């Protein structure tokens, strides 16, 4: 509740403050109230921001109150705490924080000398007056000044509401005034011209002055003045032309006194001139004649006014003549003398000065009329007095009139009466020589310049619409074309400019400057840039036509100009980016070229998304021009770095990806902007590829080759350290393959960690290096195996059976085999135990299974690494490379797979052969069926085979179990056939042994099938099938075998098949193991086979 009461109290205080302040300002306590810029009445002023102290001080001193100063004092006082005006020296306020300001000073400050300036009689607005003695003014003293005095003072210090010209603002291409005419002079003169034009229409009247009531006391009269009577307040406007002229007076910041004086002067000029139009008068001359010095309370104001009128006559008639003086040259010189004499008359005594002034004015009228009515001026204004000769003075005056269309309170908006004002300004066309084209051009200039000053985009659109209204040459009448053609002026630098060039060139130059660096001036794009481009293009077309260039070339010029904007802005933006990158190069974490590429990519993205949609309206290939130029600018900086790159350094790894990414994005922009069939041709002609892939690919190939040599070194070391012991019961492979895969995976990781552009050739090179490493590893494993011939004893020499010789005696002589391996070879064979051979097999199996995973991983990572879209420029080459690489990648490790599978097959075969022919040589090869089949059956070997088989299955991995068991089965069958066919003299077989042999073969078969837990029955049957024919031959009698051998020999086919389906070698070997004399005699006669004792 307390807070609400406090809020209501504050609101009531503020309301009462406004009421009291409004009463003071509306009454007569204040001598004169000057409204702040943009305010017409007190209703437009926020009284809460007016300093009461300033108002009361002005009331006490009887000074004129400028509300802008009172508002400034109010805001300045906010920087300090409020004071209670008790004048107590013991109380003070601190602006700073005492805790952070330290302790106060301990000594007193030095005394301050009070400076008393000299007393001056008059001061300018920018000066201030400090008096040593302050004199209190009573309320009665306020009335010592009249309203006329106030207005003269305000008039003498009138300041335009427009801000000062900025150096970057566009400036008309018109010559400066030799007489020093100011903007205020032009503004005041333009209003006088407007009054003369209105007088021609009969709308010029002089408002009556209020009569003062002398009987009332000064104080009561001032206090009783109503708000509507105040000089600065006008609650209601007069209707029609009178009200519109009042609006123009306010818009042009003309005081009421000046307005009244000009109206009276013009009306007096028409006295005694029946039928004379007011707009045919020489306005400055008539005002000099009809306005007396007594109408000015201040001589200084009068002199300034007179100087302005004299300067206008000189500027209008002498300084810039549109037509040569000819015979009027002497009059021109006389005019200059008269103007000088009028000005000098003010320094003479009053009587003499008045005489000289009157005489000079009379002579001046004669001369100026003659000069103003010279023929052959070529304008469209008809029979009027051409009081201003050079057109640039007229258009400057018309420019001031046009600036009145903007709202005083918001200069970025047009006033509500804009249409009425423009219609009123047409009345000045006769005096100023304005045509429709001149008006459209001047109004477009005024709107555009106001847009530059305020930044209001609506004004830009108004300016564009007005520019489009400017008629082309063929749209103008012949007389207007001649008139415009005659309008020329010389500006600084002796440039001769036409009217259109004077007004449109500044607009074009300003627009070109902004668009020449649109990245800087339109950082966020927006509709403003689109409007500026439109302005630039429209003014360019108008100026091209003004220069007489053919219109058919305009479209080409537009495209060229847009490209010029792009080129200039891109170069400027690139230069800024380059400077910023180089400034931070020492502290940046990456190479400056990498940072530059990233910034260029951002720049191009911004260009294509924000600026190019605008510029593409005039040039469809704007994006292409932007991207191509940026490609060239960055390429110039990149080339020295590429030429010096020899190894994959950190800088190269940093720069290559960034540069390649930039080039790819540039190609995407170009491809999206051009038709597909024209992209290749454009790229070949306009672009020089960076060839990042080629350079970085070469460096990557070097790196891959060096890594391949490093991998081979690790393979060699891993093999040398390998002991072929299982790593663990679960990991039954050697440690060397783990080490090999570790180094390979590290290499692959490093390869894909190289964030540099690569071709498929680099991947192929990597695959070849890895494939070679696996092949070398596999070869090292196989090289440790001994030759198969070292395991299998030599085949005994074929002999025929000799019954006389005892078997034991024969065996003793034959038992020593001269081809048995030596002790060194035997130790090498013994080292290759069954378990180590199984570990080798497991290692190779692990290698080939992990090889598939490695290949899939590489392919996946490569796909992620190169999702790039190829441009048309590289498409054909990349398609060939891609087809070759994809075909190569499909069989990338096929060489390793072939070698590993071949090595597995060889070790399985070697393991089976070693078990049968080396480990089980004595029971199997040497003693099986020795001394007869019935005496030594195969069943006795099953237990040894079972033991060996258990050892294999304990170590070998499941996927290789059948392969190694199959190798053992094949070796067992080879040994079985060895015993049957090459068993030597100790083996003797009879036909009735065939049944026993068949039983042994079944036992061997069922052993490997193992009731379905072993090898598949079909596999075993297929392998056993090659032994059954030999057993069948053993069942035949000797005579049948001899006859079959004879018939096969007679056929003449070496190694051919006999009637029994056997070859001659098999039949011969079977006969050599028969113990009957018939076989002995046949072998002796037919084949000369020696006896076993030989």
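Residue numbers (this note's numbering): 48 to 1141.
We put the CB at the ideal spot given by N, CA and C, even for glycine.
Quantities reported herein were computed from a predicted structural model and do not represent experimental measurements.
Proximity winner among the options, relative to residue i (alpha-carbon distances)
i	options	result
residue 551	590, 529, 343	590
residue 1076	1061, 1045, 1090, 1098	1045
residue 42	447, 521, 901	This structure cannot settle anything about residue 42, because the visible part of the chain is limited to 48 through 1141.
residue 1118	1097, 1094, 1086	1086
residue 620	479, 647, 878, 642	647
residue 911	691, 982, 828, 800	800
residue 317	980, 247, 357, 60	247
residue 558	516, 536, 616	616
residue 703	677, 735, 747, 762	747
residue 790	390, 1001, 757	757
residue 1138	1032, 1051, 227, 1052	1032
residue 445	567, 123, 239	239
residue 740	622, 708, 1132	708
residue 611	580, 94, 792, 630	580
residue 873	846, 848, 839	839
Rounded C-alpha distance that separates residue i from residue j
i	j	result
residue 1127	residue 977	20 Å
residue 823	residue 1024	37 Å
residue 304	residue 54	46 Å
residue 349	residue 666	59 Å
residue 768	residue 781	10 Å
residue 522	residue 236	33 Å
residue 1096	residue 1043	30 Å
residue 243	residue 325	6 Å
residue 100	residue 300	28 Å
residue 136	residue 120	Residue placement at residue 136 cannot be trusted, given a pLDDT of 47 that sits under 50; the coordinates are not used to answer.
residue 698	residue 690	14 Å
residue 524	residue 399	54 Å
residue 405	residue 327	22 Å
Contacting residues, own chain, Cβ-Cβ under 6 Å from residue i (five flanking each side not counted)
i	result
residue 957	832
residue 459	501, 503
residue 891	947, 950, 951
residue 428	Below a pLDDT of 50, predicted positions are generally treated as unreliable, and residue 428, at 47, falls in that range; no measurement from the model is reported.
Alpha helix (DSSP H) segment containing residue i, residue limits
i	result
residue 1047	1041-1056
residue 732	723-733
residue 709	697-720
residue 1112	1111-1119
residue 305	303-316
residue 648	639-653
residue 92	Looking at the DSSP string, residue 92 is not in any alpha helix (DSSP H), and its letter there is neither H nor E.
residue 246	230-247
residue 780	First-last for residue 780: undefined, no H or E at that position.
residue 748	739-768
Segment limits, beta strand (DSSP E) that includes residue i
i	result
residue 545	542-545
residue 535	535-538
Other residues of its chain near residue i: CB distance less than 7 Å, five sequence neighbours each side excluded
i	result
residue 971	963, 988, 1022
residue 609	662, 665, 666, 669
residue 701	637, 638, 641
residue 655	670, 716
residue 308	338, 342
Short Cβ contact (9 Å threshold) for residue i with residue j
i	j	result
residue 743	residue 687	no
residue 815	residue 755	yes
residue 975	residue 992	no
residue 794	residue 808	no
residue 1074	residue 1048	yes
residue 650	residue 625	no
residue 527	residue 483	yes
residue 513	residue 531	no
Close-in-space but distant-in-sequence residues of the same chain around residue i (CB under 8 Å, 5 per side omitted)
i	result
residue 252	289, 310
residue 354	390
Residue i CB to nearest heavy atom of the ligand MN below 8 Å
i	result
residue 235	For the structure depicted, the ligand MN is absent and the ligand set is empty, with no information on it obtainable.
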